[in-house]
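To keep things clear, I will list the structure first and then write my remarks on it.
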Amino acid sequence: MITGNIKSNLKEIIEEKLSHLDLYSYYMPWEFTLNKNCCNPFQEDKNPSFRIYYRDGGYFHKSFNSEHKGDVWQFLMDYFGKSFNEIIEKIAEDFGLKEKTGKKFDKIVNNLPKIEKKESKPPIIKATVYKEFKERHIEYLKQYYLTPEDMNFCSDTKVLPLKSFYMNGTKFPVRGDEVGFVYLVNNQYIKVYLPNRPKGEKFWSNIPFTHIHGLDNLKGCKKAVLTKSMKDAALIHKYILPCVAVIQAENISCISEENREIIKNSVENLYINMDVDPTGKKASYALCDLLQAKHVNVPDKYFPQSTDFADMAKNEGIDKVIEHFKTKKII
Numbered sequence: 431m432i433t434g435n436i437k438s439n440l441k442e443i444i445e446e447k448l449s450h451l452d453l454y455s456y457y458m459p460w461e462f463t464l465n466k467n468c469c470n471p472f473q474e475d476k477n478p479s480f481r482i483y484y485r486d487g488g489y490f491h492k493s494f495n496s497e498h499k500g501d502v503w504q505f506l507m508d509y510f511g512k513s514f515n516e517i518i519e520k521i522a523e524d525f526g527l528k529e530k531t532g533k534k535f536d537k538i539v540n541n542l543p544k545i546e547k548k549e550s551k552p553p554i555i556k557a558t559v560y561k562e563f564k565e566r567h568i569e570y571l572k573q574y575y576l577t578p579e580d581m582n583f584c585s586d587t588k589v590l591p592l593k594s595f596y597m598n599g600t601k602f603p604v605r606g607d608e609v610g611f612v613y614l615v616n617n618q619y620i621k622v623y624l625p626n627r628p629k630g631e632k633f634w635s636n637i638p639f640t641h642i643h644g645l646d647n648l649k650g651c652k653k654a655v656l657t658k659s660m661k662d663a664a665l666i667h668k669y670i671l672p673c674v675a676v677i678q679a680e681n682i683s684c685i686s687e688e689n690r691e692i693i694k695n696s697v698e699n700l701y702i703n704m705d706v707d708p709t710g711k712k713a714s715y716a717l718c719d720l721l722q723a724k725h726v727n728v729p730d731k732y733f734p735q736s737t738d739f740a741d742m743a744k745n746e747g748i749d750k751v752i753e754h755f756k757t758k759k760i761i
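Anchor point for the sequence shown: position 206 equals 636 in the working numbering, and the numbering is continuous, going up by one each time.
Laid out in structure tokens, this is it:
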């Protein structure tokens, strides 16, 4: 029961009292089973095309016939069309977390549907790589003002040229002339990246959702950038500043409490860089609220041709990217 005056951070109160599964259970308009398809809450569905996952102790969702995906905060921001801070206020109001007695909260929580937490397992991915980067890999990176050496800026992650890969024992063909990369984390986890494939077919990964590539890069930094792409991070590391790290996706569930404290204690001024499309902007502002950071994205005038800084470098030239960071007084 909640008593007394509540003066502490509302998000901390919510996360102390409610799990992300509680929030999905309360606000999801359709019945659902974890890791199985259900009706899409964002549009009419003839066939179930939406799934809420439970993996590595965390929850996230994905729509298979729309762009909606992410963690519960992203779900609520998209579903209600509100900002992160507005969602925090709404949850506190809906669950009675501002009331002294806590009766409303107790009643709602006691009546939440009971959902079995059976984890989905991350895929088993095995990859073979070439001994050296091929000309096609070098040319691909060159258009973004990068070299293969530039991609290896994290002590925890090696970037290697992909030859072929298997997922759960099934071989997935890779053309002999296709550009592909392997991100190998601590010689244990793998992400396969095939940049020229359609959206939804570019990535295969078993890297833990909360892993941050290059977290050590942030230690002792007056200014640092947290981004969502190894390619963007490599460009920032080479041309802007070395204090850069990479999260796994554009949502705040990627930031564990432990990593939040590490970032807080490592960096004086943190900047968040996500894509400049609507999903990326929402994620960027939510991360800024969570980490008390500032926002630095590609200027809107370059969208949709350029959604990130790698695209901007390719389309507008690296000098434009550098000038933008100078304008923001990051360099």
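Here a beta-carbon is modelled for each residue, glycine too, at the ideal position from N, C-alpha and C.
Whole-angstrom distance between residue j and residue i, CA atom to CA atom
| i | j | result |
| --- | --- | --- |
| Ser-449 | Asn-745 | 43 Å |
| Lys-492 | Lys-476 | 17 Å |
| Thr-640 | Val-622 | 17 Å |
| Glu-595 | Phe-602 | As written in the sequence, residue 595 is Phe, which differs from the Glu given in the question. The straight-line gap from Cα to Cα measures roughly 6 Å. |
| Asn-626 | Ala-679 | 19 Å |
| Asp-741 | Gln-735 | 8 Å |
| Phe-535 | Asp-730 | 42 Å |
| Ser-714 | Asn-681 | 8 Å |
| Phe-733 | Tyr-619 | 33 Å |
| Ile-693 | Pro-672 | 15 Å |
| Ser-630 | Lys-561 | Per the sequence presented here, residue 630 reads as Gly, with Ser not at that position. Rounded to whole angstroms, Gly-630 to Lys-561 spans 28 Å at the Cα level. |
| Asp-662 | Asp-607 | 24 Å |
| Ser-696 | Met-507 | 29 Å |
| Val-728 | Asn-540 | 45 Å |
| Lys-533 | Glu-523 | 13 Å |
| Ser-683 | Gln-722 | 15 Å |
| Thr-558 | Ala-716 | 37 Å |
| Glu-687 | Glu-445 | 11 Å |
| Tyr-570 | Pro-471 | 39 Å |
| Val-604 | Lys-593 | 7 Å |
| Val-612 | Ile-568 | 15 Å |
| Asn-515 | Phe-563 | 45 Å |
| Ser-550 | Phe-490 | 11 Å |
| Glu-497 | Asn-647 | 32 Å |
| Ile-543 | Lys-758 | Note that residue 543 is Pro in the sequence shown, not Ile. Their Cα atoms are separated by approximately 47 Å. |
| Trp-503 | Cys-718 | 13 Å |
| Asn-617 | Lys-649 | 22 Å |
| Lys-572 | Pro-591 | 15 Å |
| Trp-460 | Phe-525 | 19 Å |
| Phe-494 | Lys-530 | 42 Å |
| Ala-743 | Arg-485 | 36 Å |
Per-residue DSSP class, three states only, for residue i
| i | result |
| --- | --- |
| Phe-633 | strand |
| Ala-716 | helix |
| Glu-698 | strand |
| Thr-558 | strand |
| Tyr-574 | coil |
| Val-615 | strand |
| Ile-432 | Reliability fails at Ile-432, whose pLDDT of 34 lies under 50, so the model's placement of it is uncertain and no value is given. |
| Ile-518 | helix |
| Asp-620 | Sequence check: residue 620 is Ile here, not Asp. Here Ile-620 sits in strand by DSSP. |
| His-450 | helix |
| Leu-721 | helix |
| Phe-510 | helix |
| Lys-652 | strand |
| Val-539 | helix |
| Ser-496 | coil |
| Ser-438 | Because Ser-438 sits at a pLDDT of 42, beneath the cut-off of 50, its placement in the model cannot be relied upon, and the point is left open. |
| Phe-505 | helix |
| Lys-530 | coil |
| Thr-757 | helix |
| Cys-584 | strand |
| Lys-601 | strand |
| Thr-709 | helix |
| Ser-455 | helix |
| Ile-545 | coil |
| Leu-726 | Note on identity: in this sequence residue 726 is Val, with Leu being the wrong assignment. The answer is coil: DSSP assigns Val-726 none of H, G, I, E or B. |
| Asn-689 | helix |
Cβ separation of residue i and residue j, assumed to be a contact under 8 Å, to the nearest whole Å
| i | j | result |
| --- | --- | --- |
| Ile-482 | Tyr-454 | 6 Å |
| Ile-555 | Leu-451 | Actually they do not touch by this definition, with Cβ atoms about 27 Å apart. |
| Thr-577 | Val-615 | Not quite, the Cβ-Cβ distance comes to about 21 Å (not below 8 Å), so this is no contact. |
| Ile-761 | Phe-755 | 5 Å |
| Lys-548 | Leu-464 | 6 Å |
| Ile-685 | Leu-720 | 6 Å |
| Lys-528 | Lys-520 | The Cβ separation is near 12 Å, so there is no contact. |
| Leu-645 | Asn-582 | With 8 Å as the limit, Leu-645 and Asn-582 do not qualify as a contact, their Cβ atoms being about 16 Å apart. |
Residues sharing a beta bridge with residue i, DSSP
| i | result |
| --- | --- |
| Val-676 | His-643 and Thr-657 |
| His-667 | Note: His-667 sits in no beta bridge, so no partner. |
| Ile-482 | His-491 |
| Met-742 | According to DSSP, Met-742 bridges with nothing at all. |
| Pro-591 | Phe-611 |
| Cys-468 | Phe-480 |
| Tyr-732 | Answer by DSSP bridge pairing: none, since Tyr-732 is not bridged. |
| Tyr-596 | Lys-556 and Lys-601 |
**Prompt:** Quick one: any contact between the segment 695-710 and the segment 652-662, if contact means 3 or more CB pairs under 8 Å?
**Reply:** yes
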